[in-house]
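S.K.:
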Amino acid sequence: MGFLAVPLLGLLNQTPWGHLLAELTTPIALQALRLSLVCSLGAVAVSLLLGVPLAFVLARVEFPGRNFVRALTTLSMVLPPVVGGVALLLAFGRRGLVGRWLDEAFGITLPFTTAGAILAEAFVAMPFLVISTEAGLRAMDRRYEDAAATLGAGRWLTFRRVTLPLIAPSLGAGVALCWARALGEFGATITFAGNLPGVTQTMPLAVYIALETDLQAAIALSLVLLVVSLAVLISLRDRWFPTA
Amino acid sequence: MLRSRIRVAAALAVAALVLAACGGSDDNTSSGGSSASPAEIKVFAAASLTAAFTKIGEDFTAANGGTKVTLNFAGSQALATQIQQAAPADVFASADITNMDKVKDLAGPPQIFASNQLQIVVEKGNPKGVKGLDDLANPDLKVVLAAPDVPVGKYSQQALEKAGVTVKPVSQEQDVKAVVSKVLLGEADAGIVYTTDVAAGGDKVEGVDIPEDQNVVATYPIATVKASKAPDQAQAFMDYVLSDQGQQVLKSYGFGPPPTS
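The listed protein sequences derive, respectively, from chains A and B.
Quick note: the first sequence uses the numbering used here, first residue 1, plus one each step.
Quick note: the second sequence uses the numbering used here, first residue 1001, plus one each step.
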């Protein structure tokens, strides 16, 4: 326990409480905060768009190789993020498998863009959403959906009014975890999207850069990330550690 | 079925990690026997010195009864921070004087041991037809520079100022090798690096010369770190870099001699 807590104490101990606000409102810190917000919310949006349908397929559709697909889905959770970044470069980079075609056909290049940073964060964070949502779908009682259908509700109406409310807690937890993971993403982002203030330099990158130039700013930004992580954990506490 | 396979894979992964950890601790115990003669020194060196110092390290080990040289390459600004945070360095070789100054209370008197110059790195064949610094202002060109705190980033900025060119880079990399690799991967069209890094980049990249009046001379200082547990070997390594043999190796990798001024 001490092993886990001491680093946090170290951070708190060195925090420049007196001028914390000043450190966090420097242009570079504000830029990083704003960009982190945009990128992490963007990553959550991408994850919802792609992840919820995927969770549905994994939970509801029987098909050969489903376990393999599920393993693949969670791969980026355990993959070292920098490896994810290299893989993204080889896929969506200007010379990449898909990226080459994107560049030629539409003139779209993702590396070094905010969209690229969002993509990198979504790549790493989406599994959290998929796993949580799939678990929610499996746990719910499908008879409610059947009942809705017998009462004449269409598929979309059933999804909106019956399924969604039933899986809302799992979906919410998934969104929170996905967002927290996206907010903290470093390795894939710096590898795939590079580092440019205001465009791809999110908070973790800013912490890393600031560490080499301005320790106080690095600590202040780290503290923000720590507080956010704690807030997410506390909000999910009842799901994970139910108080009997 | 799958689950059992995953379990086997996990067990293998854990075993591999344990083995790797054992290997690591063996190293530690052997170097922990401090007074034993085959000592070990840790040399923190600027990323641009990667190839040259790897060779110098091997030569030094051979010439000094097996004194092991462990090299840590990164942007000089990162190394300076590590030394400030009491990283166990014995020798520090920086690509600029600014970062050496940052640790001046922690290091012995520095000496300049090499110089370097800048070149524009482009893909082999120069597909975008880059002729000089002026061309880097072209907004259609994806240019990567090192971050302003990285020595080569600061030198690049000085050269661009001399040329009166404003460049909007697509990324600010953390060391010179990262700039080269972005060009090597084809993600960037051009970058500003040291001439030695263009040479080290292999046959997939080539350099575009920057004329003398726009170019900047990078000076490389080296110093021993005061907290070193092997100060004699650290001093010996520094002396070796400054010796004829060391200078010869640096020259063979394209470094210039210390500027005479």
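Glycine included, each C-beta is placed from N, C-alpha and C at the ideal position.
Is it buried or exposed, A:Trp179, if we count other Cβ atoms within 10 angstroms and call 16 or more buried?
M.R.: buried
S.K.: Mind checking which residues open and close the beta strand (DSSP E) that includes B:Lys1068?
M.R.: 1068-1074
S.K.: By Cβ distance, which residues of its chain are closer than 8 Å to B:Leu1242, with the 5 residues on each side in sequence left out?
M.R.: If we look at B:Leu1242 and ignore the five residues flanking it on each side, its Cβ neighbours are Gln1111, Phe1113, Ile1222.
S.K.: How would you list, in chain order, the residues of chain B whose beta-carbon sits under 7 Å from the beta-carbon of A:Glu212?
M.R.: Gln1077, Ala1078, Thr1081, Asp1149
S.K.: With H, G and I counted as helix, E and B as strand and the rest as coil, what does DSSP make of B:Thr1219?
M.R.: strand
S.K.: How should A:Arg70 be labelled, buried or exposed, when 16 other C-beta atoms within 10 angstroms of its C-beta is the threshold for buried?
M.R.: buried
S.K.: Taking 8 Å as the threshold, find out whether the segment 208-221 of chain A comes into contact with the segment 92-111 of chain A through three or more Cβ pairs.
M.R.: no
S.K.: Can you find the residues in the same chain that come closer than 6 Å, C-beta to C-beta, to B:Ala1234, ignoring five residues on each side of it along the sequence?
M.R.: Ile1041, Asp1090, Val1091, Thr1224, Ser1228
S.K.: Just to confirm, is the Cβ distance from A:Ser47 to A:Ala122 under 8 Å?
M.R.: yes
S.K.: Let's test the definition: count the other Cβ atoms within 10 Å of the Cβ of A:Gly2 and tell me whether it reaches 16, buried, or not, exposed.
M.R.: exposed
S.K.: Can you give the beta carbon distance from A:Ala173 to A:Ala29, rounded, assuming they're within the 8 Å contact cut?
M.R.: Rounded, the Cβ-Cβ distance is 30 Å, inconsistent with contact.
S.K.: Which residues in the same chain as B:Ala1137 place their Cβ atom closer than 7 Å to its Cβ, once the five residues preceding and following it in sequence are excluded?
M.R.: Val1165, Thr1166, Val1167
S.K.: Taking CB distances under 8 Å as the criterion, tell me whether A:Pro111 reaches chain B.
M.R.: yes
S.K.: Among the residues of its own chain, which have a CB less than 7 Å from the CB of B:Ile1097, if the five just before and after it don't count?
M.R.: Thr1219, Pro1221
S.K.: Got a sec? Which residues, its chain only, sit under 7 Å from A:Ala176 by beta carbon, not counting five neighbours each side?
M.R.: Val232, Ser235, Leu236
S.K.: At the level of alpha carbons, what is the spacing between A:Thr167 and A:Ile118?
M.R.: The residue you asked about is not Thr; residue 167 of chain A is Ile in the sequence shown. Using only the alpha carbons, I get a separation of about 26 Å.
S.K.: State the Cα-Cα distance for the pair B:Asp1140 and B:Pro1169, rounded to the nearest angstrom.
M.R.: 11 Å
S.K.: Which of the three DSSP states, helix, strand or coil, is assigned to A:Asn195?
M.R.: The answer is coil: DSSP assigns A:Asn195 none of H, G, I, E or B.
S.K.: Would you please verify whether the beta carbon of A:Leu89 is less than 8 Å from any beta carbon of chain B?
M.R.: Chain B, which has a Cβ nearer than 8 Å to the Cβ of A:Leu89, makes this yes.
S.K.: Applying the criterion that 16 or more other CB atoms from any shown protein chain within 10 Å of the CB defines a buried residue, is B:Asp1197 buried or exposed?
M.R.: So B:Asp1197 counts as buried.
S.K.: What are the residues in the segment 1117-1145 of chain B lying within 9 Å of chain A by C-beta distance?
M.R.: Lys1142, Val1144
S.K.: Counting only the same chain and skipping the five closest in sequence on each side, list residues whose C-beta sits under 6 Å from that of A:Phe186.
M.R.: Within the same chain, and ignoring the five residues on either side of A:Phe186 in sequence, the residues whose Cβ sits closer than 6 Å to its Cβ are Pro204.
S.K.: May I ask you to list, following chain order, the residues of the segment 64-98 of chain A that have a beta carbon less than 8 Å from some beta carbon of chain B?
M.R.: Asn67, Phe68, Ala71, Leu89, Gly93, Arg94, Arg95
S.K.: Under 8 Å Cβ-Cβ, which residues of chain B neighbour A:Gly187?
M.R.: Those within 8 Å of A:Gly187 in chain B number zero; the least Cβ separation is about 13 Å.
S.K.: How would you call A:Arg34, buried or exposed, if buried means at least 16 neighbouring beta carbons within 10 angstroms?
M.R.: It is exposed - the Cβ of A:Arg34 has fewer than 16 other Cβ atoms within 10 Å.
S.K.: Rounded to whole angstroms, what is the Cα-Cα separation between B:Val1103 and B:Val1069?
M.R.: Each residue's Cα considered, the two are about 21 Å apart.
S.K.: Output the boundary residues of the alpha helix (DSSP H) element that contains A:Val57.
M.R.: 27-60
S.K.: Which same chain residues, not among the five before or five after B:Lys1226, have their C-beta less than 8 Å away from its C-beta?
M.R.: Exclusion of the five residues before and after B:Lys1226 leaves Leu1106, Ala1107, Gly1108 as the residues of its chain whose Cβ lies within less than 8 Å of its Cβ.
S.K.: Of the residues A:Gly65, A:Leu75, A:Ile209, A:Asp238, which one's Cα is nearest the Cα of B:Leu1079?
M.R.: A:Ile209
S.K.: By the DSSP assignment, the beta strand (DSSP E) with B:Asn1116 in it spans what residues?
M.R.: 1111-1116
S.K.: In the structure shown, what three-state DSSP assignment does A:Glu134 receive?
M.R.: helix
S.K.: According to DSSP, simplified to helix, strand and coil, what is B:Ser1266?
M.R.: Outside the shown range of chain B (1001 to 1261) lies residue 1266 of chain B, about which nothing can therefore be said.
S.K.: Whole angstroms is fine: what's the gap from B:Pro1211's alpha carbon to B:Thr1195's?
M.R.: If you draw a straight line from the Cα of B:Pro1211 to the Cα of B:Thr1195, it is about 13 Å long.
S.K.: Evaluate A:Thr189 with the Cβ neighbour count: other Cβ atoms within 10 Å of its Cβ, from every protein chain shown; 16 or more gives buried, anything less gives exposed.
M.R.: buried
S.K.: Among B:Leu1145, B:Phe1044, B:Asp1175, B:Ala1051, whose alpha-carbon lies nearest the alpha-carbon of B:Tyr1253?
M.R.: B:Ala1051
S.K.: Would you report the Cα separation of B:Ala1093 and B:Phe1053, rounded to the nearest angstrom?
M.R.: Spanning the two alpha carbons is a distance of roughly 10 Å.
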